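**Q** Would you mind keeping the following structure in view while I ask a few things?
Residue numbers (this note's numbering), protein chains in the order written: chain A, 959 to 1300; chain B, 959 to 1300; chain C, 959 to 1300.
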């Protein structure tokens, strides 16, 4: 009997199937410290327990993207080990903060299937959820990947495409219990800009850049127990290790502190594209565009919808060419909702 | 008076001498997080406090190899700073799990001495033990190293060779208090294979590989407070820094999850050879061979004896050439006992 | 309105101005573990909670230099983002240990101003303080940097130079509450040398070296939330990333264990010069010179004043050329007070 995990192929998925992913993970102050060592994170709510308490939370939570990476990492062996491409994300929501001491596990439900016309590949849509030790869902997202078929002669499943929201409505966003920005300390947070100071359509060049090293992206990706071999094994690809897309997301988000220091908590992921592969030696920079703003019911708390673009060169604010395709220096185009003092 | 530690030479050891090693070390969730960042660790018992509790333990312990590295690191300044070669290990036993908050210290007793016929070097055998803050022995092992003499004219000691077991018997293994695999969750653990599914003689290619970077092995080796300069100082050797052999052990053990996810706790180290030096840039892969199986008295808990081989190339399952010597791509040949649900 | 931080220029400072720095930071066992992974730290008081308790402290504190780096990092966006040069330190004092769970913030008061004769730059002197969550000052230091003017036509401020002590007197040093070295365990600490064993003028070559990697110094510098782009962005300088001077300080201090294992707690920083820039690939070594010794009122606790020199080559004990300038291989010349058993 084969003991190792060969990964799943397109015909291994059925609509409605629920996969419980392996290897639950307990987080501590160690994960928080490593997140600060790997990314230039400065958002005060995640850096300081005292600042978080002054905002109505019991302590500083684990970074929202770290929670995402842990949940995502658990899905890899069951969803994307054999993926030809990671096609997209939608309807990502953070439902509960993750605290040091929490243990996370994950499961995914198959919500869509479509065999490609070539008969050799297909697209699988999953709804993935992360749970804490109390079986509370801490975050969820939908994701679709292209997978090879094991047997090209296997019959095509009925095509079912999920109905995905292009953008989460403000009413879809869940505000962490107790969050209160009415006494927000802008000096300690690092910038004076509140939601009212941002205009829809405004673009911000975050200025700073970070040149990425192999050791760093591998440590990050392992920390999330993501086992995809292209990130670790230089002999598995013709050229260089491919950097986990989530490493670029976290790097760009951290860089966005400079101009968006008060976009504190990420509560919604509307969509995202890894426009081009990132390799070690690239210098990652970032810019953002304000896409929308909204009120919430929590005291002093507003929501800001942002496009976050990571690049490895080129000029800020350039995204796509005349052909509608991403420019070669664009690494990431992410669309998310964050909470900001009004 | 010379203030720095010159290390010990062969004639500095006497049979029965006990050396208390310096620099006790308290571990926390930080060491656990770093272990997960440095190695692709996925064994559920070490990743999740909840999984560990469901197996009868109070929490997820520090990885057994991390405990070994800490104890080993403490012995380096007193045992192997001037070692010409690290010749072997035997009778390694893990006696108590190490928990975040524990403080470890170590001591070694000289149990054997043999001057080499060249008169310039000799072999020292030590029995090293690690203790926690309650003076409980958490692990022990025997090790022998070749050391230079300071003074070639110093008289040879009486040759005493310790009586070392080639393999620990199942009855030598200590099962952690409370361990119970009768309700073991194979889904959360990541693989369905139980002890009965493995056959003696079975070989498993763990498939995945990791290309090693200088920054990673140095961070790991420093974390264990191992001060051997060949690991850190590129000017101390003709070519490249030599990677601590324990880094290769941990990397190979982590890779072995793929096929041996349920070989949870390491309780015995029968022997091990660092067959060839490992340098940064090498892509480490691993394969295992089932050497033996045994029952234990703990509910649902069996023991599996494994050969773990790390390579930097070549085909899996190749170990030695026609001359009986390790092939040049073999890095490690380790023989250990782990606990697995029956 | 510009959202990103352009940094301050010389004319943005006024005498007596107090700047509250952003982004408070909670530390945990994670920061402690990372400090041990990044530097070959072995001082027992910081490595072991048990050893620290035997010395009268409630637990092992965060390394004193880690506390310094955190406070320093907070000042960077307000003080040195546009610095042409970091000119010096004086009167650094550690007033309270920092414990896991503490949250640090920082503020700086402008205590001196002097426009340079070229009319384009000036020197700003600040008195920076770090506070814990109880508003207790945990450390303080004075520092001066050269800054560009935004507008060369801006009028020069009145020149005010602070009165800085060239060396802290023993009576200026603050001994941590409860510290007691009367039962100090020299075996566990790693060396037998007490204060009486060192002579003023004695020089110690710490022997060991560490070759520095890009990934390591960037992780360290990010951990302290230091945002100075020259440390991270290879495109921001003509050649290579410039390593944060504090990384060299911590590396040299850790290497000094070999010969100064009992110089446990740093309580005073008399001055320091980053003599030459450090780049990745350099092999850092260190030597020390005993500059002074003193008694304290705490039981068994003495103070030793040390020069700590980091080099990237050359012979130990060489510091300056015939021209009085630092030799090109000298990286750091630091003057500090540490506590040592008498």
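We treat Cβ as the ideally placed atom computed from N, Cα and C, and that holds for glycine. Note that this is a predicted model, so its numbers are computed, not measured.
Going by beta-carbon coordinates alone, are residue 1063/C and residue 979/C separated by less than 9 Å?
**A** Along the third chain, read from residue 1 onward, the residue named residue 1063/C stands at position 105. Along the third chain, read from residue 1 onward, the residue named residue 979/C stands at position 21. Yes, the Cβ-Cβ distance between residue 1063/C and residue 979/C is below 9 Å.
**Q** Taking the alpha carbon of residue 1228/C as the point to measure from, which residue in 1209/C, 1291/C and 1148/C has its own alpha carbon closest?
**A** Here residue 1228/C refers to the residue found at position 270 of the third chain. Nearest of 1209/C, 1291/C and 1148/C to residue 1228/C, Cα basis: 1291/C.
**Q** Is the beta carbon of residue 1006/B less than 9 Å from the beta carbon of residue 1193/A?
**A** One-based indexing of the second chain puts residue 1006/B at position 48. One-based indexing of the first chain puts residue 1193/A at position 235. Cβ atoms of residue 1006/B and residue 1193/A: not closer than 9 Å.
**Q** Whose C-alpha, out of 1212/A, 1217/A and 1220/A, is nearest the C-alpha of residue 995/A?
**A** For the purposes of this step, residue 995/A is taken as residue 37 along the first chain, with counting starting at 1. For residue 995/A, the nearest C-alpha among the options comes from 1212/A.
**Q** Assign residue 1038/A to one of three DSSP states: helix, strand, or coil.
**A** Residue mapping note: residue 1038/A aligns to position 80 of the first chain, counting from 1. Residue state, collapsed to three classes: coil.
**Q** Given 8 Å as the limit, is there contact between the segment 1008 to 1021 of chain B and the segment 1011 to 1031 of chain C, that is, 3 or more CB pairs closer than that?
**A** No contact exists between the segment 1008 to 1021 of chain B and the segment 1011 to 1031 of chain C.
**Q** DSSP three-state call for residue 1027/C: helix, strand or coil?
**A** Along the third chain, read from residue 1 onward, the residue named residue 1027/C stands at position 69. Helix, per DSSP.
**Q** Would DSSP call residue 989/B helix, strand or coil?
**A** By one-based count along the second chain, residue 989/B stands at place 31. Residue 989/B: helix per DSSP, three-state reduction.
**Q** So, at 6 Å on beta carbons, what are the nonlocal neighbours of residue 1004/B in its own chain, with the 5 sequence-adjacent residues on each side left out?
**A** Position 46 of the second chain, counting from 1, holds the residue named residue 1004/B. Around residue 1004/B: 1018 and 1021.
**Q** Using 10 angstroms around the beta-carbon of residue 1084/B, count the other beta-carbons present and answer buried if the total reaches 16, otherwise exposed.
**A** Here residue 1084/B is taken as the residue at index 126 of the second chain, counted from 1. By the 10 Å Cβ count, residue 1084/B comes out buried.
**Q** At the level of alpha carbons, what is the spacing between residue 1061/B and residue 1058/C?
**A** As a first step, residue 1061/B is located in the second chain; it is residue number 103 there, counting from the start. As a first step, residue 1058/C is located in the third chain; it is residue number 100 there, counting from the start. Distance between the alpha carbons of residue 1061/B and residue 1058/C is about 16 Å.
**Q** At a CB-CB cut-off below 8 Å, which residues of chain C make contact with residue 1190/B?
**A** As a working note, residue 1190/B is residue 232 in the second chain. The answer, in chain order, is 998, 1166, 1167, 1168 and 1169.
**Q** Name the chain B residues that come within less than 7 Å of residue 1007/C, Cβ to Cβ?
**A** To locate residue 1007/C, count along the third chain from 1; it is residue 49. Here the neighbours are 984 and 1061.
**Q** Using a Cβ-Cβ cut-off of 9 Å, state whether residue 1254/C counts as contacting chain A.
**A** Within the third chain, the letter at position 296 stands for residue 1254/C. No, because no Cβ of chain A sits closer than 9 Å to the Cβ of residue 1254/C.
**Q** Using a Cβ-Cβ distance cut-off of 9 Å, determine whether residue 1202/A contacts chain C.
**A** Taking the first residue of the first chain as position 1, residue 1202/A is located at position 244. No, residue 1202/A does not count as interfacial toward chain C.
**Q** Whose C-alpha, out of 1051/B, 1034/B and 967/B, is nearest the C-alpha of residue 1107/B?
**A** Numbered from its first residue, the second chain carries residue 1107/B at position 149. The candidate whose alpha carbon is nearest that of residue 1107/B is 967/B.
**Q** Does the beta-carbon distance from residue 1105/C to residue 1082/C come in below 9 Å?
**A** Taking the third chain and counting its residues from 1, one reaches residue 1105/C at position 147. Taking the third chain and counting its residues from 1, one reaches residue 1082/C at position 124. Their beta carbons are under 9 Å apart, which means residue 1105/C touches residue 1082/C by this criterion.
**Q** Looking at the C-beta of residue 1239/C, does it have a partner C-beta in chain F at a distance below 9 Å?
**A** Considering every chain present, this structure includes no chain F. Its protein chains are A, B and C.
**Q** Between the Cα of residue 1031/A and those of 1178/A, 1270/A and 1218/A, spot the shortest distance and give me the residue it belongs to.
**A** For the purposes of this step, residue 1031/A is taken as the residue at position 73 of the first chain. Closest by alpha carbon: 1178/A.
**Q** Going by DSSP, what residues sit across from residue 1134/A in a beta bridge?
**A** As a first step, residue 1134/A must be located in the first chain, where it is residue number 176. Answer is none; residue 1134/A lacks a bridge partner.
**Q** Interface residues of chain C around residue 978/B at Cβ under 7 Å?
**A** In the second chain, the residue the question calls residue 978/B occupies position 20. Correct list: 1145.
**Q** Name the residue from 1184/A, 1139/A, 1168/A and 1222/A whose alpha carbon lies nearest to the alpha carbon of residue 1184/C.
**A** In the third chain, the residue the question calls residue 1184/C occupies position 226. Nearest option by C-alpha distance: 1168/A.
**Q** In chain order, what residues of the same chain lie with their CB nearer than 7 Å to the CB of residue 1086/C, ignoring the 5 residues before and after it?
**A** Position 128 of the third chain holds residue 1086/C. Excluding sequence neighbours, residue 1086/C sits near 1029, 1033, 1064, 1066, 1098, 1099 and 1101.
**Q** Of all Cβ atoms in chain A, is any one closer than 9 Å to the Cβ of residue 1262/B?
**A** As a position in the second chain, residue 1262/B is number 304, starting the count at 1. Judged by the 9 Å Cβ criterion, residue 1262/B is not in contact with chain A.
**Q** Could you compute how far the alpha carbon of residue 1008/C sits from the alpha carbon of residue 1132/A?
**A** If you number the third chain from 1, residue 1008/C lands on position 50. If you number the first chain from 1, residue 1132/A lands on position 174. Each residue's alpha carbon lies about 44 Å from the other.
**Q** Report the option in 1204/A, 1210/A and 1157/A whose CA atom is closest to the CA atom of residue 1249/A.
**A** Taking the first residue of the first chain as 1, we reach residue 1249/A at position 291. The shortest Cα separation from residue 1249/A among 1204/A, 1210/A and 1157/A belongs to 1157/A.
**Q** List, from N- to C-terminal side, the beta strand (DSSP E) runs of 3 residues or more that fit wholly inside the segment 1154 to 1221 of chain C.
**A** Those beta strand (DSSP E) runs which fall completely within the segment 1154 to 1221 of chain C and span 3+ residues are 1161 to 1163.
**Q** Anything in chain A within Cβ reach of residue 1174/B, meaning under 8 Å, just list it in chain order.
**A** The count along the second chain starts at 1 and reaches residue 1174/B at position 216. Those within 8 Å of residue 1174/B in chain A are 1173, 1176 and 1177.
**Q** Applying a beta-carbon distance threshold of less than 7 Å, which residues of chain A neighbour residue 989/C?
**A** Position 31 of the third chain, counted from the start, is the residue given in the question as residue 989/C. Those are 991, listed as they occur along chain A.
**Q** Could you have a look at residue 1020/C and say whether DSSP puts it in helix, strand or coil?
**A** Against the third chain, residue 1020/C aligns to sequence position 62. Here residue 1020/C sits in coil by DSSP.
**Q** Distance check for residue 1232/B and residue 1161/A, CA to CA, integer angstroms please.
**A** Against the first chain, residue 1161/A aligns to sequence position 203. Against the second chain, residue 1232/B aligns to sequence position 274. Straight-line Cα distance between these residues: approximately 56 Å.
**Q** Please state if the CB of residue 1220/A and the CB of residue 1299/A are separated by a distance shorter than 9 Å.
**A** Position 341 of the first chain, counted from the first residue, corresponds to residue 1299/A. Position 262 of the first chain, counted from the first residue, corresponds to residue 1220/A. Taking 9 Å as the Cβ cut-off, residue 1299/A and residue 1220/A qualify as a contacting pair.
**Q** Can you pull the chain C neighbours of residue 1269/B, defined as C-beta to C-beta under 9 Å?
**A** Looking up residue 1269/B in the second chain gives position 311. Correct list: empty, because the minimum Cβ distance to chain C is about 25 Å.
**Q** Let me know if residue 998/A comes out buried or exposed under the rule of 16 or more other beta-carbons within 10 Å of its beta-carbon.
**A** Along the first chain, read from residue 1 onward, the residue named residue 998/A stands at position 40. So residue 998/A ends up on the buried side.
**Q** For residue 1182/A, which residues from the same chain have a beta carbon less than 6 Å from its beta carbon, with the 5 sequence-adjacent residues on both sides left out?
**A** The residue labelled residue 1182/A in the question sits at position 224 within the first chain. Cβ neighbours of residue 1182/A beyond the five flanking positions: 1027, 1028 and 1031.
**Q** Within 10 angstroms of the Cβ of residue 1051/A, are there 16 or more other Cβ atoms? Answer buried if so, exposed if not.
**A** As a position in the first chain, residue 1051/A is number 93, starting the count at 1. Buried, by the Cβ-count rule.
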